[in-house]
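Read top to bottom, the protein sequences are chains A and B. Per our numbering, residue 15 is the first one in the first sequence, and the count goes up by one each step. Per our numbering, residue 15 is the first one in the second sequence, and the count goes up by one each step.
There are 2 protein chains.
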Amino acid sequence: MPKELSPNIQDYLKRIYELTRDGGLATTSELADLMAISPASVTNMLQKLSNTEPPYLTYTKHQGVRLTEAGRRAALKILRRHRLLEEFLVAKLGYTWDEVHAEAEILEHAMSPLLEERMDAVLGHPEFDPHGDPIPDSNLDIPVIQQTSLANLKIDQGGKILRVPHEDPQVLRYLGKCGMRPGVEIKLLSRTPYDQTMRLLIVETGEEVVIGPKLGGQITVRVG
Amino acid sequence: MPKELSPNIQDYLKRIYELTRDGGLATTSELADLMAISPASVTNMLQKLSNTEPPYLTYTKHQGVRLTEAGRRAALKILRRHRLLEEFLVAKLGYTWDEVHAEAEILEHAMSPLLEERMDAVLGHPEFDPHGDPIPDSNLDIPVIQQTSLANLKIDQGGKILRVPHEDPQVLRYLGKCGMRPGVEIKLLSRTPYDQTMRLLIVETGEEVVIGPKLGGQITVRVG
DNA sequence: ACTATTATTTAGGCTTACCTAAAAGTAGTC
DNA sequence: GACTACTTTTAGGTAAGCCTAAATAATAGT
């Protein structure tokens, strides 16, 4: 019986999950940065979490960490709550997509299994949150969709925006105002040679949008 | 600018508020009992909370505590969140009145002012929670209603149940099954001489209910 | 009024999770 | 291969909030 993890630990696991989605390792300083705490504190916690039974992560000194299966499941559990909450806040309480992240970040740790279940039910078991991020189902399975980064689009290629996985409210408000929301059809008009800045057409409105490569690189689309 | 109080401290203040609603003092052991922690821990916290600037309570060694105005306001803030949450869970997420207390107890500490405001709005600024307890408004004013304990009813006197302020799910399920819910009209049929057990008529259904003096003493009614 | 019981406080410790400062390891450049 | 710069770890410390055990104050019974 895995005992109840502290909110702190849940946060560490969630962050590590996010940092290692590419299959690589997460480093001490990446984590320290992301969580706005000192590297020393991170080292301590990583050591602790790799010496539990079962261990939540595999940790190699000076190299980095990755989650074990136990760690991954714990991370997905929180991620499910987080994304369900975001969807709930938008769908039922009139939040905008830039307001939900910070709120969910706190509420996710105060959420009982019953509440999770009820929210899931009244939302009709949603598959995606307001940013288009997939919500793991109650078995922690994640819907898989064929997707690619906006940065991979070819000139004149169109697609539908799937995910805008930013957390910064300012960024989200800006993107929202441009029409860069999940579900929106876009087409790549041109790309500047040197810095890869993209000029896009919002198909519905005919509006044109300019997006830098850094912002655009994280937005994912389904081409076609 | 009063700094952000920790969940722990908020809980202490809320408990003390509840214990001193009769105007008296709360004692160390009452608090220790209620919070299921040792008396020594309570003493520590009481000393701490009476030495802040501003102090949240006035504490006299070996006598007891009561809240200051700052303490009372902090307590009401939490109480508002707690009761709004209870109402929200019942009205919007299909909870029963015996399930909401424990859930709200945790969520109340994770609730932002924005969330409080949105819940209040979608509920239409409710005045009472599912147990009939009054919800302080956003100025922390509490609706006043003329009420008396069920224990004060005279034989053959009728009234409408206003509050059933129990927390124990078992008790609430029992009372609910009997029809003892806020809003229900009842009439006192008889009272046993020695222990004051009450026999009541649920007016709507014509059903009869027997309630001990301890349970009944906490239920409040509006007579007439 | 005195003693037994009960309630409360003091004293000293533990755990979690953070910190800073100093030591040690890793990597890139000459 | 050695020097510098950077990252990471170790060591030692702090604050919150809980604990137990021992000391002290209040209360109640005779």
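Positions of the beta carbon are idealized from the N, C-alpha and C atoms, including for glycine.
For residue i and residue j, what's the separation of their Cα atoms in angstroms?
| i | j | result |
| --- | --- | --- |
| Asp151(A) | Ile175(B) | 42 Å |
| Gly108(B) | Lys106(A) | 14 Å |
| Gln171(B) | Thr74(B) | 43 Å |
| Leu48(B) | Arg29(B) | 8 Å |
| His59(A) | Asp182(A) | The identity of residue 59(A) in the sequence shown is Met, whereas the question assumes His. C-alpha separation (whole angstroms): 26 Å. |
| Gln232(A) | Glu119(B) | 38 Å |
| Val13(A) | Ile156(B) | The displayed coordinates of chain A run from 15 to 238. Any statement about residue 13(A) would go beyond what the structure contains. |
| Met125(A) | Ala116(B) | 11 Å |
| Ser43(A) | Leu63(A) | 17 Å |
| Glu218(B) | Arg195(B) | 12 Å |
| Gly85(A) | Leu45(A) | 16 Å |
| Val237(B) | Val198(B) | 12 Å |
| Lys228(A) | His139(A) | 32 Å |
| Gly37(B) | Arg80(B) | 9 Å |
| Pro53(A) | Thr41(A) | 10 Å |
| Ala8(A) | Thr34(B) | Given that chain A is displayed from residue 15 to residue 238, the structure contains no residue 8(A) and the question cannot be resolved. |
| Leu19(A) | Ile225(B) | 42 Å |
| Thr66(B) | Pro127(A) | 37 Å |
| Leu121(B) | Val158(B) | 26 Å |
| Val178(B) | Phe142(B) | 11 Å |
| His123(B) | Leu129(A) | 16 Å |
| Gln246(A) | Tyr31(A) | Outside the displayed range of chain A (15 to 238) lies residue 246(A), so it cannot be described from this structure. |
| Leu27(A) | Lys17(A) | 15 Å |
| Lys191(A) | Gly146(B) | 44 Å |
Run down chain A in chain order and give the residues with a C-beta less than 8 Å from the C-beta of residue i.
| i | result |
| --- | --- |
| Lys106(B) | Lys106 and Val136 |
| His123(B) | Ala124 |
| Leu250(B) | Because chain B here runs from 15 to 238, residue 250(B) falls outside it and cannot be looked at. |
| Ile120(B) | Ala124 and Ser126 |
| Leu93(B) | Within chain A, no residue comes near Leu93(B); the closest Cβ sits about 17 Å away, beyond 8 Å. |
| Leu81(B) | Result: empty, since nearest Cβ-Cβ is about 25 Å, beyond 8 Å. |
Quick one: list the residues of chain A neighbouring residue i, beta-carbon separation under 9 Å, in chain order.
| i | result |
| --- | --- |
| His96(B) | Those do not exist, as His96(B) stays about 13 Å from chain A at its closest Cβ, beyond 9 Å. |
| Ile169(B) | By Cβ distance, chain A contributes nothing, its closest Cβ being about 43 Å from Ile169(B), past 9 Å. |
| Leu99(B) | Those do not exist, as Leu99(B) stays about 10 Å from chain A at its closest Cβ, beyond 9 Å. |
| Leu27(B) | Near Leu27(B) there are no residues of chain A at all, since even the closest Cβ is about 19 Å away, more than 9 Å. |
Along chain B, which residues have their Cβ under 7 Å away from the Cβ of residue i?
| i | result |
| --- | --- |
| Ser126(A) | Glu117 |
| Leu164(A) | Within chain B, no residue comes near Leu164(A); the closest Cβ sits about 31 Å away, beyond 7 Å. |
Quick one: what's got a C-beta closer than 8 Å to residue i's C-beta in the same chain, skipping five residues either side?
| i | result |
| --- | --- |
| Val235(B) | Gln161, Thr162, Ser163, Leu164, Leu167, Gly173, Lys174, Ile175, Leu176 and Ile200 |
| Leu154(B) | Arg87, Leu90, Lys91 and Arg94 |
| Thr82(A) | Pro68, Pro69, Tyr70, Leu71 and Thr72 |
Interface residues of chain B around residue i at Cβ under 9 Å?
| i | result |
| --- | --- |
| Arg187(A) | Those do not exist, as Arg187(A) stays about 15 Å from chain B at its closest Cβ, beyond 9 Å. |
| Leu154(A) | Within 9 Å Cβ-Cβ: nothing; Leu154(A) doesn't reach chain B, min ~22 Å. |
If I measure Cβ to Cβ from residue i and keep anything under 7 Å in the same chain, skipping five residues before and after, which residues do I get?
| i | result |
| --- | --- |
| Val104(A) | Trp111, Val114 and Pro144 |
| Gln77(A) | Leu39 |
| Leu215(B) | Ile200, Lys201, Leu203 and Glu222 |
| Phe102(A) | Met133 and Leu137 |
| Gly193(B) | Ile216, Thr219, Glu221 and Val223 |
Taking Cβ-Cβ distances shorter than 8 Å, what residues in chain B pair up with residue i?
| i | result |
| --- | --- |
| Met133(A) | Leu107 |
| Leu176(A) | Those do not exist, as Leu176(A) stays about 28 Å from chain B at its closest Cβ, beyond 8 Å. |
| Leu90(A) | Result: empty, since nearest Cβ-Cβ is about 21 Å, beyond 8 Å. |
How would you list, in chain order, the residues of chain A whose beta-carbon sits under 7 Å from the beta-carbon of residue i?
| i | result |
| --- | --- |
| Leu33(B) | The premise fails here: Leu33(B) is roughly 25 Å from chain A at the closest Cβ pair, so nothing lies under 7 Å. |
| Leu19(B) | Residues of chain A passing the Cβ test: none, with the nearest at roughly 15 Å. |
| Leu229(B) | Ordered by position in chain A, no residue passes the 7 Å Cβ test against Leu229(B), which lies about 26 Å from the chain. |
| Leu215(B) | Near Leu215(B) there are no residues of chain A at all, since even the closest Cβ is about 35 Å away, more than 7 Å. |
Going along the chain, which residues of its own chain have a beta-carbon closer than 6 Å to the beta-carbon of residue i, five neighbours each way excluded?
| i | result |
| --- | --- |
| His180(B) | Leu186 |
| Gly230(A) | Leu164, Ala165 and Met212 |
Quick test of the definition: if touching needs 3 or more C-beta pairs under 8 Å, does the region 110 to 121 of chain A touch the region 185 to 193 of chain A? Here the region 110 to 121 of chain A makes contact with the region 185 to 193 of chain A; the two share three or more CB pairs at distances below 8 Å.
Does the region 157 to 172 of chain A touch the region 201 to 214 of chain A, meaning 3 or more C-beta pairs lie closer than 8 Å? With a cut-off of 8 Å, the region 157 to 172 of chain A and the region 201 to 214 of chain A count as touching, because enough Cβ pairs lie within range.
Pairing CB atoms from the region 68 to 85 of chain B with CB atoms from the region 15 to 31 of chain B, are three or more of them under 8 Å? yes
Is the region 133 to 151 of chain A touching the region 88 to 103 of chain A, taking contact as three or more C-beta pairs under 8 Å? yes
For the region 121 to 138 of chain B against the region 207 to 217 of chain B, are there 3 or more C-beta pairs whose distance is under 8 Å? no
Of all the residues that make up the region 56 to 74 of chain B, which are near chain A by a beta-carbon distance shorter than 7 Å? none
For the region 39 to 57 of chain A, which residues have a CB atom closer than 8 Å to at least one CB atom of chain B, in sequence order? none
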